[in-house]
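Chemist:
There are 2 protein chains.
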Amino acid sequence: MPEKTLHLTAFMRPVSLHTGAWRYPGAYPDANFNLTHLKSFIKKLEDAKFDAFFMADHLAVLNMPVEALKRSHTVTSFEPFTLLSALSVVTEKIGLAATASTTYDEPYHIARRFASLDHLSSGRAAWNIVTTGNPESAKNFGLDAHVEHADRYKRAREFYDVVTGLWDSFADDAFIRDQETGIYFDPEKLHVLDHKGDDLKVRGPLNIARPVQGWPVIVQAGQSEPGKQLAAETAEAVFCSPRDLESAKALYADIKGRAVAAGRDRNHLKILPAAFIVVGDSVEEARAKRLKLDSLVHYDSAIASLSIALGTDASGFDPDGPLPTDIPETNASKTGRAGVLKLAEDEKLTVRQLAQRYGGYSGLAFVGTPESIAEEMSVWLDEEGADGFTVVFPFLPQGLDDVVQRLVPELQRRGIFRQDYEGTTLREHLGLPRPNNRFFS
Amino acid sequence: MPEKTLHLTAFMRPVSLHTGAWRYPGAYPDANFNLTHLKSFIKKLEDAKFDAFFMADHLAVLNMPVEALKRSHTVTSFEPFTLLSALSVVTEKIGLAATASTTYDEPYHIARRFASLDHLSSGRAAWNIVTTGNPESAKNFGLDAHVEHADRYKRAREFYDVVTGLWDSFADDAFIRDQETGIYFDPEKLHVLDHKGDDLKVRGPLNIARPVQGWPVIVQAGQSEPGKQLAAETAEAVFCSPRDLESAKALYADIKGRAVAAGRDRNHLKILPAAFIVVGDSVEEARAKRLKLDSLVHYDSAIASLSIALGTDASGFDPDGPLPTDIPETNASKTGRAGVLKLAEDEKLTVRQLAQRYGGYSGLAFVGTPESIAEEMSVWLDEEGADGFTVVFPFLPQGLDDVVQRLVPELQRRGIFRQDYEGTTLREHLGLPRPNNRFFS
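See the structure below:
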């Protein structure tokens with residue numbers, strides 16, 4: 001094996017981020033919300049030795065115009081802890097990453113649920129810490145307006161301290177269960193946190209044994225300044241969305257540098273950009289699949305996305321013509337606009353196709369053959385753009401099958417992805433140390 | 001079958017309420033916190049056609065002197081939603097009742113988790129509404145003192161309205177998922193709750209389809225005045241703890257009467273007292289098992305329980321002698337005191353045995369042969385003391401095996417318990433109607 005190998009997690013809520021995914025020929029239209037399908041997906045991902053199954057989360061029905069909303073396959077979904085607990089029973093090794101909000105939940109609940117999931121799964125839980133950026137959520141939790149960004153991140157940092165402190169309530173060897181003497185646990189090995197901070201006051205102890213992994217793996221996705229800083233200080237895996245290798249390398253260096261500055265080992269934080277993967281027999285076939293998928297995005301909602309990306313109203317353009325050359329320049333979105341113009345030129349897309357790309361999924365994509373995609377991933381790994389990827393599937397089941405049956409074997413052949421799990425916990429899959437208990441060493 | 005039959009639910013958090021349970025010969029000392037054991041228990045309960053597996057909950061390590069705490073098998077437990085979701089995968093019919101607090105949680109979270117569990121389990125979820133009476137919990141949620149009783153019940157009532165309203169966010173037939181037209185759901189069948197009340201402000205809609213059961217079954221356990229009123233207005237099953245048939249009949253008539261006064265059908269609310277069951281080949285053998293179990297309760301914590309029951313300090317009494325006859329009468333606990341005196345006389349118990357009874361489990365108990373217990377249960381059913389029971393096991397696995405292998409067949413032989421499930425949802429097991437959607441009829 002080469003020195004460096006990839007980590008792969010699967011972005012599974014929704015099971016595809018592409019808004020047209022559920023309409024693709026052969027796709028399960030209810031893939032997000034059908035336990036039988038979800039069980040089969042996670043078993044395939046485990047057979048392919050993926051590090052983890054990753055669930056994003058939203059605490060609201062996302063606010064969008066009704067014309068787009070009624071076409072969205074994300075409007076009904078399982079809640080992460082209930083789904084991952086159910087899926088833990090049908091799997092043995094794959095990690096289970098749940099998103100939980102530090103803004104609209106309580107640290108005692110969060111610490112307890114992740115500890116419970118970690119015990120149920122024998123050490124496979126991960127907590128994706130989010131501060132919940134969607135303003136609609138506030139209205140479901142008694143507030144009129146969203147909590148301010150800086151306040152959310154300040155609370156998140158303290159919340160992390162409280163949750164990890166609660167996980168350390170019991171020493172790893174606190175439970176004796178001596179039937180003869182009647183001693184169930186050693187009270188010297190129970191710590192009362194008694195946290196009193198700016199935003200949180202939590203006494204403890206937690207009413208559950210220390211998690212199998214010590215602490216579930218910490219995941220973070222923020223790309224704002226406070227987000228990157230929180231990730232550098234606390235995260236062990238970072239979910240991010242760079243658009244290309246150059247910006248990925250800059251982000252990678254930035255976050256790893258901050259982690260080192262915070263006194264951490266740079267290898268104990270894995271950078272895992274989201275990558276939309278479409279596999280074909282040829283690059284042309286893969287591209288054709290993608291165009292077919294994009295074509296399933298409704299034009300009315302698609303054109304709105306293109307207008308945003310261009311910084312100008314595109315609804316008057318000829319859908320079946322090329323992008324007009326006389327689009328007025330605006331300051332609002334220079335980078336986005338440049339990206340659209342480059343894409344239009346590179347792939348020779350009509351206005352409709354461009355709109356459907358932006359309305360479907362416009363993030364980082366690897367579209368090609370197993371060989372070409374494996375080569376790209378290898379370059380990202382070598383050049384420190386990524387320690388692995390958070391795979392976004394185009395449609396299911398076929399798009400997932402293509403990855404696990406065709407791309408993964410190619411990655412294994414090149415020696416940059418595991419042939420089998422070496423350990424049993426998610427920390428072991430990711431090469432992360434088990435944290436010491438801060439109260440009992 | 002006779003006109004009336006019993007409903008049986010299993011009290012499973014902790015798996016035994018008896019403090020000495022984990023020390024009984026042959027008992028699993030970690031029964032509460034071992035997924036393999038819990039899977040086997042729920043499968044046995046389902047084979048015996050129990051209505052539901054019931055999980056109480058605590059949002060704290062219970063406050064008790066360290067001498068008692070270190071002997072408690074309840075100090076580490078799985079969180080209810082994660083455990084029940086895992087257990088839903090290994091079962092098909094048995095109901096899954098989780099306790100969730102209206103005082104220390106948010107209605108959007110609660111509505112969502114129960115809806116998710118109901119979908120994962122194909123219609124088997126129940127919500128045991130509690131207001132969380134344990135003052136230690138407040139300290140884990142940022143408060144110094146517990147929320148006042150009346151305020152807790154006022155919020156609980158409003159909380160119920162919000163949660164059920166959120167469950168009704170989508171019409172049952174809202175999801176079309178038409179791949180051809182691209183319409184995922186009919187927006188006319190989505191309702192925004194927009195609740196603004198005294199204690200809660202929640203916009204909605206919920207981001208999950210209406211539960212399979214319409215609403216998960218509502219369970220309530222309060223026996224205070226506001227508790228009984230809340231149960232009468234909202235509950236479909238009541239978990240209660242009458243000490244004998246006479247008090248059970250009074251409670252049964254009281255709650256059913258309140259339900260009728262609130263405009264409900266008295267058959268749509270099932271009264272299920274907790275019953276501790278010890279089965280033997282003879283009544284004497286069953287009693288001997290119970291004495292053996294009681295003897296495993298540590299005397300120091302046991303004597304404190306007896307002192308509370310007597311309303312006087314019992315620590316100076318001779319542990320191996322009979323209860324002194326000259327105990328000063330107090331006003332503090334006349335009923336409790338009379339119960340102790342009667343028990344001492346009926347079963348000729350020493351001070352130590354009495355103490356261990358009160359320190360172990362002193363609620364309603366059926367201790368005898370399968371025939372004698374079935375007969376007692378039949379009387380309770382006929383005389384309207386109960387619509388069934390919430391079974392408390394003395395120790396596990398044997399005490400559970402005795403119930404499912406010996407008592408249940410006797411109940412079935414008498415025709416007062418089902419031979420098989422007739423439906424698939426918990427509502428169907430309990431004979432409860434599926435609620436209409438208040439916004440879409």
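Chains as they are written, first to last, in full-length UniProt numbering: chain A, 1 to 441; chain B, 1 to 441. For every residue, glycine included, the Cβ atom is placed at its ideal position computed from N, Cα and C. In this text, all values refer to a predicted model and were calculated from it rather than measured experimentally.
1. Alpha carbon to alpha carbon, how far is A/Gly415 from A/Met1? Give it in angstroms, no decimals.
2. Using 7 Å as the limit for Cβ to Cβ distance, is A/Asp30 near chain D?
3. Would A/Phe50 and A/Leu87 be called neighbours here (beta carbons separated by less than 7 Å)?
4. Report yes or no: is there a C-beta of chain B within less than 7 Å of the C-beta of A/Phe78?
5. Flag this pair as touching only if the stretch 113 to 122 of chain B and the stretch 87 to 100 of chain B have three or more C-beta atom pairs under 8 Å; answer yes or no.
6. Expressed to the nearest angstrom, what Euclidean distance is found between the alpha-carbon atoms of A/Phe317 and A/Gln353?
7. Do three or more CB pairs link the stretch 397 to 405 of chain B to the stretch 344 to 359 of chain B at distances below 8 Å?
8. Hey, B/Asn437 and B/Ala171: beta-carbon distance below 7 Å or not?
9. Taking the C-alpha atoms as reference points, what is the distance between A/Pro273 and A/Glu410?
10. Would B/Ala365 and B/Phe276 be called neighbours here (beta carbons separated by less than 7 Å)?
11. On a CA-only basis, which of B/Asp387, B/Thr91, B/Ser40 is nearest B/Arg266? Give me that one, please.
12. Restricting to Cα atoms, I'd like to know which of A/Asn34, A/Val90, A/Ile183 is closest to B/His298.
13. Check the Cβ of B/Pro187 against every Cβ in chain A and list those closer than 8 Å, keeping chain order.
14. How is the beta strand (DSSP E) around B/Met55 delimited, first residue to last?
15. Enumerate in chain order the residues of its own chain whose CB-to-CB distance from B/Val283 is below 8 Å, with the five nearest sequence positions on each side excluded.
16. Beta-carbon within less than 6 Å of B/His191's beta-carbon, same chain only, minus the 5 sequence neighbours each way: which residues are those?
17. Starting from B/Arg71, follow the alpha helix (DSSP H) in both directions and report where the run begins and ends.
18. Please work out which residues of its chain come closer than 7 Å, Cβ to Cβ, to A/Phe141, disregarding the five sequence neighbours upstream and downstream, and give them in chain order.
19. Is it true that the CB of A/Arg155 sits closer than 7 Å to the CB of A/Asp199?
20. Mind listing, in chain order, the continuous alpha helix (DSSP H) runs of no fewer than 4 residues lying wholly within the stretch 332 to 369 of chain A?
21. Considering only the alpha carbon of each residue, which of A/Gly431, A/Thr164, A/Thr5 lies closest to A/His268?
22. Since I believe A/Glu233 is in contact with A/Ala262 (beta carbons under 8 Å), could you give me their beta-carbon distance rounded to a whole number of angstroms?
23. Output yes if chain A places a C-beta closer than 7 Å to the C-beta of B/Phe389; else output no.
24. Roughly how far, in whole angstroms, is the beta-carbon of B/Ser72 from the beta-carbon of B/Thr19, given that I think they are within contact range, below 8 Å?
25. For a quick check, are the C-beta atoms of residue 443 of chain B and B/Ala288 less than 7 Å apart?
26. Just to confirm my understanding: we take B/Ser378, look at its own chain, exclude 5 residues before and 5 after, and list those with CB closer than 7 Å. What are they?
27. For B/Thr312, which residues of its own chain have a beta-carbon under 7 Å away from its beta-carbon, when the five flanking residues on both sides are left out?
28. Check the Cβ-Cβ distances between B/Lys201 and every residue of chain A, and say whether any is below 7 Å.
29. Contact defined as beta carbons within less than 8 Å: I believe B/Leu84 pairs with B/Met55. What is the distance between those atoms, to the nearest angstrom?
30. Going by DSSP, what residues sit across from B/Ser101 in a beta bridge?
31. Where does the unbroken alpha helix (DSSP H) through B/Ile303 begin, and where does it stop?
32. Tell me whether A/Asp419 is buried or exposed, calling it buried when 16 or more other Cβ atoms sit within 10 Å of its Cβ.
33. Indicate the three-state DSSP secondary structure (helix, strand or coil) for A/Arg177 in the structure shown.
34. State the start and end residues of the unbroken alpha helix (DSSP H) segment that holds A/Lys49.
35. On a Cα-Cα basis, can you pick out the residue from B/Arg243, B/Ala209, B/Glu384 that is closest to B/Thr335?
36. If you draw a straight line from the C-alpha of A/Val90 to the C-alpha of A/Phe159, how long is it?
Modeler: The short version:
1. Because the pLDDT of A/Met1 is 48, which lies under 50, any placement of that residue in the model is unreliable, and the question is left without a value.
2. The chain inventory of the structure shown lacks chain D, comprising the protein chains A and B.
3. no
4. yes
5. Contact holds: three or more Cβ-Cβ distances are below 8 Å.
6. C-alpha separation (whole angstroms): 12 Å.
7. no
8. yes
9. 20 Å
10. yes
11. Comparing alpha-carbon positions, the option among B/Asp387, B/Thr91, B/Ser40 lying closest to B/Arg266 turns out to be B/Asp387.
12. Nearest neighbour of B/His298 by Cα position, chosen from A/Asn34, A/Val90, A/Ile183, turns out to be A/Ile183.
13. Val66, Leu69, Lys70
14. Unbroken beta strand (DSSP E) run through B/Met55: 52 to 55.
15. Val367, Gly368, Thr369, Ser372
16. Ser169, Phe439
17. If you look at B/Arg71, you'll find it isn't in any alpha helix (DSSP H); DSSP assigns it neither H nor E.
18. Tyr104
19. yes
20. 334 to 347, 351 to 360
21. A/Gly431
22. 5 Å between Cβ atoms; contact.
23. no
24. For a cut-off of 8 Å, the C-beta gap from B/Ser72 to B/Thr19 is around 7 Å, short enough to register as a contact.
25. Only positions 1 to 441 of chain B appear in this structure, which leaves residue 443 of chain B out of reach.
26. Arg414, Ile416
27. A distance below 7 Å between beta-carbons, with the five flanking residues on each side excluded, links B/Thr312 to the following residues of its chain, in chain order: Ile327, Pro328, Thr330.
28. Chain A places a beta carbon closer than 7 Å to that of B/Lys201, counting this residue as a contact.
29. Right, their Cβ atoms sit about 7 Å apart.
30. B/Val130
31. Note, B/Ile303: alpha helix (DSSP H), 299 to 310.
32. The sequence shown places Gln at residue 419 of chain A, rather than the Asp named in the question. By the neighbour-count rule (16 or more Cβ atoms within 10 Å), A/Gln419 is not buried but exposed.
33. strand
34. Note, A/Lys49: premise wrong, no alpha helix (DSSP H); not H, not E.
35. B/Arg243
36. 31 Å
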